[in-house]
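Q: Residue numbers (the working numbering), protein chains in the order written: chain A, 120 to 475; chain B, 33 to 324. Ideal placement from N, C-alpha and C gives every residue a C-beta, glycine not left out. One structure follows; several queries about it will come next.
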């Protein structure tokens, strides 16, 4: 939390009412309990966000839906030949504004990995993704600083932290039965404009809370050698066979990952009418790269895990100013049914490359 | 190879950045040519006359053809930019979408997203001798550049084409072969894998015929495309003939969805075949991880 920015305060008691008013201007997503999972869902008026709970999934679906319609098509009679029906395309409608209230800082940073790719600025001149940009520009991110870290958390290894404000419009820190809101963008200021300024005591308590959680994290591992190490191990079949031995290629890691942005495009139709959909895809599946000829450039799970880890810690950084395409949320580790740990793979690669 | 020509000069120019890149342009099929039992050629014009007039592309760039309700797949635009009456795509029937495309007739509507990807660095090839080596459907991308060079004939030295297929029936573009064989400004050699009745050209595998042709690598560029096994042995033959990796170009295909470097399936290391390719020099491929 910086000294220059405006600080506001809202008590937990006032929060449901405040968010209900915010929901009049757009959809407010916040962590909610659903069975044994905690998920980012649209709040209903009067609902309180589950700010103490750590969401099982990331909030990437708010900007990058699990499945979205790119356009619909319908057969319409040709003006010149009425007997002939031709597909007429209709672009899907523009999305409305949204707020994610109580995003984890790792989840907000996930969007920073998407941005250079989807804005088309990453690899010189590629087209921008219309659908992503529409939602991204209309989504306000209120990050809630973590109060503790899990043993799967490693945000501080990859440039983040439990109270990192990167990518956030507002950073919320728990203090004195409420939240101190650090206002970080113009949109954030508009969102919080009706709230009173935080007192010196409240800000002091928030700063102390941030320091306490930051100090509680184990020391970050040094990963600067990872990109070159992974590149050098591309042809080490034995290394990747060992690292992927337990992988079931279920893809749970890809769906839960805040920075995994790959997708599939498919059509669904009933006769001449239908939709073209864009849906999350999973690079761990052998179908991901399977060609119509039967050829598959990544036929084995070792090839696919190598590509997934390689993309996040080597290929992506080489294209995007050295940043890893990983926000250290640890969900891939926590939810892996066979205990594959991406931290171990990257550290093993650094060690292995140093020994060669 | 100049990075400029290969990597940036040929970025999609058709309104990229302003237009929704996922929205195909409706196009009308004006002609369907049955090339072989598995290959059909489609000539299409964009239904929006203004878009068709303004449409520009470079030899080697690709497009996505949409069958609405089935899907999209990537094909090279195999007509040259010097001949703008229509855009031509040749489609080998292999999966669901190509099977659906094969059902198209003249007058039908198809979706087109193009141009995508980079192009052959034809400017850097000016003043040089050219050897095209095409196998099967791999002739399609070579056709674009071949016709482009023939339309700008004075810019290039000696132009040779070696085109091979399994059998005479598997040879696409057969309607054009008499012209190619008859031209004084093109040395065209055809070959098939095994003897066939009535066949008057070479018999033998492409790499062997290439060694027989013995092109001089001096001031020469080789451009090859075809099935992976043919490429593998053709590259060995070119190496034997002393062609340097910088003198050899090929064009790749991968399973693609977005075509604009986002969806994440056509990468080889940090290169995306859809935007950094599909055209690569052997020197570039040698520097990339081996994951073809």
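Please state whether the Cβ-Cβ distance between residue 452/A and residue 464/A is less than 8 Å.
A: In this structure, residue 464/A does not lie closer than 8 Å to residue 452/A by Cβ.
Q: What are the partner residues of residue 292/A, as DSSP defines its beta bridges?
A: 299/A.
Q: Here's the rule I'm using: 16 or more other beta-carbon atoms within 10 Å means buried, otherwise exposed. How should residue 439/A be labelled?
A: It counts as buried.
Q: Whose C-alpha, out of 295/B, 188/B and 175/B, is nearest the C-alpha of residue 257/B?
A: Checked all of 295/B, 188/B and 175/B; the closest Cα to residue 257/B is 175/B.
Q: Can a CB atom of chain B be found closer than 8 Å to the CB of residue 188/A?
A: No, because no Cβ of chain B sits closer than 8 Å to the Cβ of residue 188/A.
Q: Have a look at the DSSP bridge pairing and note the partners of residue 399/A.
A: The partner list for residue 399/A (beta bridge, DSSP) reads 382/A.
Q: Within 10 angstroms of its Cβ, does residue 90/B collect 16 or more other Cβ (buried), or is it exposed?
A: Classification for residue 90/B: buried.
Q: Got a sec? Which residues, its chain only, sit under 7 Å from residue 436/A by beta carbon, not counting five neighbours each side?
A: Here the set comprises 346, 442 and 443.
Q: Classify residue 371/A: buried if its beta carbon has 16 or more other beta carbons within 10 angstroms, exposed otherwise.
A: Buried is the call here.
Q: Which residue from 266/B, 123/B and 252/B puts its Cα closest to that of residue 204/B?
A: The shortest C-alpha separation from residue 204/B is found at 123/B.
Q: State the beta-bridge partners of residue 164/B as determined by DSSP.
A: Answer is 193/B and 255/B.
Q: Just the C-alpha distance for residue 217/A and residue 148/A, rounded to the nearest angstrom, thanks.
A: Straight-line Cα distance between these residues: approximately 7 Å.
Q: I'd like to know if residue 121/A contacts chain B, where contact means its C-beta is closer than 8 Å to some C-beta of that chain.
A: Judged by the 8 Å Cβ criterion, residue 121/A is not in contact with chain B.
Q: Alpha carbon to alpha carbon, how far is residue 308/A from residue 168/A? Give it in angstroms, no decimals.
A: So the two alpha carbons sit approximately 21 Å from each other.
Q: Pick from 294/A, 150/A, 290/A and 319/A: whose alpha carbon is nearest that of residue 310/A?
A: Out of 294/A, 150/A, 290/A and 319/A, 290/A has the C-alpha closest to the C-alpha of residue 310/A.
Q: Have a look at 285/B, 319/B, 302/B and 314/B and flag the residue whose alpha-carbon is nearest the alpha-carbon of residue 415/A.
A: For the residues 285/B, 319/B, 302/B and 314/B, the minimum Cα distance to residue 415/A belongs to 285/B.
Q: Along the alpha helix (DSSP H) that carries residue 237/A, what are the first and last residues, could you check?
A: Start and end: 224-237.
Q: Can you check the segment 219-290 of chain B for any alpha helix (DSSP H) of at least 4 residues that lies completely inside it and give the ranges in chain order?
A: The qualifying runs are 238-245 and 260-272.
Q: For the alpha helix (DSSP H) containing residue 206/A, list its first residue and its last residue.
A: Premise fails: residue 206/A lies in the beta strand (DSSP E), 204-210, not in any alpha helix (DSSP H).
Q: So if DSSP puts residue 133/B in a beta bridge, which residue, or which two residues, is it bridged to?
A: Bridge partners of residue 133/B: none, in fact.
Q: Using a Cβ-Cβ cut-off of 7 Å (strictly less than) and excluding sequence neighbours within five positions of residue 358/A, which residues of its own chain qualify?
A: Here the set comprises 352 and 471.
Q: Under 8 Å: do the segment 87-102 of chain B and the segment 129-146 of chain B share three or more Cβ pairs, one atom per stretch?
A: In short, these stretches touch, since the Cβ pair count reaches three.
Q: Can you give the Cα-Cα distance for residue 255/A and residue 182/A, rounded to whole angstroms?
A: Residue 255/A and residue 182/A: Cα-Cα distance of roughly 6 Å.
Q: So residue 383/A contacts chain B; which residues on that side make the cut at Cβ distance below 7 Å?
A: 289, listed in chain order.
Q: When the cut-off is 8 Å and only beta carbons count, does residue 112/B lie next to chain A?
A: No, because no Cβ of chain A sits closer than 8 Å to the Cβ of residue 112/B.
Q: Does any C-beta atom of chain B lie closer than 8 Å to the C-beta of residue 410/A?
A: Closer than 8 Å: yes.
Q: Let me check understanding here. Comparing Cα to Cα, which of 169/B, 162/B, 168/B and 167/B lies closest to residue 177/B?
A: Among 169/B, 162/B, 168/B and 167/B, the Cα nearest to that of residue 177/B is on 162/B.
Q: At a CB distance below 7 Å, what residues from the segment 432-444 of chain A approach chain B? Give them in sequence order.
A: Here the close residues are 434, 437 and 438.
Q: Run the CB neighbour count on residue 174/A, radius 10 Å, all protein chains shown included, and call it buried at 16 or more, exposed below.
A: Classification for residue 174/A: buried.
Q: Give a yes or no on whether the minimum CB-CB distance between residue 116/B and chain A is below 8 Å.
A: No, its Cβ sits nowhere closer than 8 Å to a Cβ of chain A.
Q: In the structure shown, what three-state DSSP assignment does residue 111/B receive?
A: DSSP places residue 111/B in coil when its eight states are reduced to three.
Q: Pick helix, strand or coil for residue 175/B, following the three-state DSSP scheme.
A: Residue state, collapsed to three classes: helix.
Q: Alpha carbon to alpha carbon, what distance is there between residue 267/B and residue 184/B?
A: Answer to the nearest angstrom: the Cα atoms are 27 Å apart.
Q: Starting from residue 208/A, find everything on chain B with Cβ-Cβ shorter than 9 Å and list it in chain order.
A: Near residue 208/A (Cβ distances below 9 Å), the residues of chain B are 55, 56, 58, 100 and 143.
Q: To test your reading of the DSSP string, which unbroken alpha helix (DSSP H) runs of 4 or more residues are found completely within the segment 398-445 of chain A?
A: DSSP runs (the alpha helix (DSSP H)) wholly in the segment 398-445 of chain A: 420-429 and 435-438.
Q: Assuming the contact rule is C-beta atoms closer than 8 Å, residue 167/B and residue 238/B should be a hit. Round their C-beta distance to whole Å, please.
A: At roughly 5 Å, the Cβ-Cβ gap stays under 8 Å, so residue 167/B and residue 238/B are in contact.
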